[in-house]
């Protein structure tokens with residue numbers, strides 16, 4: 001449940017540096033990397049341990065969710081415009097969900113954060129300085145886990161789960177190949193390189209996403225225990 005709040009008189013920029021009692025944990029990764037599974041496991045484990053948890057993520061805002069889905073389905077918007085829709089969606093979630101939860105002392109578990117949005121836009125040719133300014137209001141997470149999975153494994157997981165390749169996750173809007181499978185692999189390879197570059201800049205905790213679900217969960221728990229001084 002989201003906690004209602006009113007932005008302070010100094011606006012969204014003050015929220016970035018405001019001292020808050022909660023913690024922000026982020027699990028990043030490409031589509032089909034297992035980020036949602038690990039986010040759910042982490043949330044459940046923290047709740048069992050007695051923590052109040054707020055689950056966040058991209059495309060969670062009621063303000064923009066339908067507009068984004070419609071734009072993606074009809075393929076009616078350019079790359080920059082769609083990126084701005086995602087940024088607006090995140091800003092709404094940040095102001096009305098993440099910040100109130102952190103103020104209340106909750107643990108925010110974000111199933112992806114601004115880094116996925118930045119990586120996607122970088123692959124599509126957006127300027128990195130512009131993107132950093134666009135998301136400059138976002139708070140720095142306490143921990144960022146990145147699930148690294150090779151494109152070939154992502155392809156296998158996607159086809160096994162859904163039996164088809166989605167348009168956007170295959171990078172078909174980039175026109176890098178007429179063959180959807182080839183386009184998927186090339187797009188995911190480009191995305192992987194951007195994630196790896198961002199991981200150095202923002203100090204992601206790298207996780208081998210090909211390990212078992214339980215092994216990954218244990219690895220994440222170990223770092224969270226240390227952060228929360230549970231050991």
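In UniProt numbering, the protein residues as written are 1 to 231.
For glycine and all other residues, C-beta sits at the position ideal for the given N, C-alpha and C.
These numbers come from a predicted model, not from an experiment.
Residue pairing for residue 171: DSSP places it in no beta bridge. Between residue 106 and residue 53, the C-beta spacing is below 8 Å. Taking 8 Å as the upper bound for CB-CB distance, residue 167 and residue 206 are not in contact here, some 29 Å apart.
Within the DSSP secondary-structure output, residue 24 pairs in a beta bridge with 108. Per DSSP, residue 83 is not a residue of any beta strand (DSSP E); the alpha helix (DSSP H) it occupies stretches across 79-93. For residue 53, the uninterrupted beta strand (DSSP E) run begins and ends at 53-57, by DSSP.
Taking C-beta separations shorter than 7 Å and ignoring five residues to either side along the sequence, the partners of residue 194 in its chain run 119, 122, 123, following chain order. Looking at the DSSP output, residue 144 shares a beta bridge with 26. For residue 186, the enclosing alpha helix (DSSP H) covers residues 180-202.
Here the alpha carbons of residue 30 and residue 200 stand approximately 17 Å from one another. Nearest to residue 94 by alpha-carbon distance, out of 229, 135, 192, 189, is 135. When the Cα atoms are used, residue 112 and residue 39 turn out to be separated by approximately 9 Å.
Contact between residue 157 and residue 51 is absent: CB atoms are separated by about 30 Å, not below the 8 Å threshold.
The shortest CA-to-CA distance from residue 131 to any of 175, 100, 162, 83 is the one to 83. Straight through space, the alpha carbons of residue 169 and residue 37 are spaced by roughly 18 Å.
Counting every other CB atom within 10 Å of its CB across the protein chains shown gives residue 19 a total below 16, marking it as exposed. Only exposed fits residue 215, as fewer than 16 other CB atoms lie within 10 angstroms of its CB. For residue 220, the secondary structure class from DSSP, reduced to helix, strand or coil, is helix. In the same chain as residue 128, and ignoring 5 residues on each side of it, the C-beta atoms closer than 7 Å to its own belong to 122, in chain order. Non-local beta-carbon contacts of residue 114 in its own chain, meaning distances under 7 Å to residues more than five positions away in sequence, involve 90, 135, 138 in chain order. Per DSSP, the unbroken alpha helix (DSSP H) holding residue 44 starts and ends at 35-48. At a Cβ-Cβ threshold of 8 Å, residue 79 and residue 142 do not count as neighbours.
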